[in-house]
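J.:
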Amino acid sequence: MIKLVAMDVDGTLTDKTRRISTKAIESIRKAESRGVTVSLLSGNVIPVVYSLKVFIGINGPVFGENGGIMFDNDNSIHTFFPGEKTNAFLAEMSKKTSMKPIFTNKWREASTGFDIDEKDVEFVRGEAEKRGLVIFNSGYSWHLMNKGEDKAFAVSVLMKKFGIGYDETLVVGDSENDLPMFELPVHRASPANCTDSIRRKSEYVSEFSYGDEIQDVFTHYGLI
Ligand code: CA
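Dropping the structure here:
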């Protein structure tokens, strides 16, 4: 039986323009009323996931910065990784390449976001790896993270906090920054708009997209 659902936001609960599916909100509320703990795991910043938690009414802790930071139910914020290395690397590369900070960095504490020209991606990726950092594109933004700072880390924090096992956990996501949690021996579902790599790792791929799959996924797993 599924007791915990960890969900991505952009492209999983929203459409391409980032408008949230109202059907998804209804399904989340229904699952929560049946005792399921729901969490959001986003690449976005903590003020954004905090707002989603409050206004949707998410009952579990929520994570920003791809799992590097958590807003908990007791209003505490936990920063699991430092932001110093990522900030220093971005400052250095901004002088040498087209890598540039994005405006949401003012609210980032455990990573940085950036824009970059395609021609510089492989050089920056190599330099980042030399320093224990990782870059990836979520489909909505480029992210510079500390190694090990990802959604699999966040799911493990949730499982430990609530004493929930792999077989009682469902993850839902659509793109590359969701891959780490799709490597865990948990239940894994995705919308029809997911990337090929997520599709390959999924246990269940819905025929619905952009948030409208949540009702279908929750029904498939007996949550609603
Ligand atoms: Ca996504």
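Quick note on our numbering: the sequence shown kicks off at 714 and runs consecutively.
For glycine and all other residues, C-beta sits at the position ideal for the given N, C-alpha and C.
So what does MET714 bridge to, in DSSP terms?
T.: None; MET714 has no bridge partner.
J.: I'd like the span of the alpha helix (DSSP H) that includes LEU871, first residue to last.
T.: From DSSP, the alpha helix (DSSP H) with LEU871 extends over 864-875.
J.: Look at the alpha carbon of ALA905 and the alpha carbon of ILE815, and state the distance between them as a whole number of angstroms.
T.: Looking at the two C-alpha atoms, the distance is approximately 29 Å.
J.: Going by the C-beta, is THR725 closer than 7 Å to any heavy atom of ligand 2?
T.: This structure lacks ligand 2; its bound ligands are ligand 1.
J.: So what does DSSP say about TYR917, is it helix, strand or coil?
T.: strand
J.: Count the other C-beta atoms from every protein chain shown that fall within 10 angstroms of the C-beta of GLY770, then say buried if there are 16 or more, exposed otherwise.
T.: exposed
J.: Give the DSSP-derived three-state secondary structure of ASN757 in the structure shown.
T.: coil
J.: Let me confirm a value: ASN786 is counted as buried when at least 16 other C-beta atoms fall within 10 Å, else exposed. Which label applies?
T.: exposed
J.: Which term fits GLY839, buried or exposed, when burial requires 16 or more other beta carbons within 10 angstroms of its beta carbon?
T.: exposed
J.: Output the distance between the C-alpha atoms of VAL868 and VAL718, rounded to the nearest integer angstrom.
T.: 9 Å
J.: Between ASP721 and ligand 1, is the CB less than 7 Å from at least one heavy atom?
T.: Yes - ligand 1 has a heavy atom lying nearer than 7 Å to the Cβ of ASP721.
J.: With distances taken Cα to Cα, identify the nearest neighbour of GLU842 among SER851, ASP830, VAL722 and MET858.
T.: MET858
J.: In whole angstroms, give me the CA-to-CA distance for TRP855 and GLY826.
T.: 6 Å
J.: Taking DSSP's pairing of strands, which residues face PHE776 in a bridge?
T.: LEU754 and MET783
J.: Less than 8 Å between the C-beta atoms of GLU862 and ALA823, yes or no?
T.: yes
J.: What did DSSP end up calling ILE771 once you bin it into helix, strand or coil?
T.: coil
J.: Going by C-alpha to C-alpha distance, which of SER922, LYS819 and ILE848 sits closest to ILE733?
T.: SER922
J.: May I ask whether a heavy atom of ligand 1 can be found less than 7 Å away from the beta carbon of ASP728?
T.: ASP728 has its Cβ no nearer than 7 Å to any heavy atom of ligand 1.
J.: Spell out a yes or no on whether the stretch 773-790 and the stretch 744-761 are touching, meaning 3 or more CB-CB pairs, one atom from each, closer than 8 Å.
T.: yes
J.: Taking the beta strand (DSSP E) that PHE849 belongs to, which residues open and close that run?
T.: 846-850
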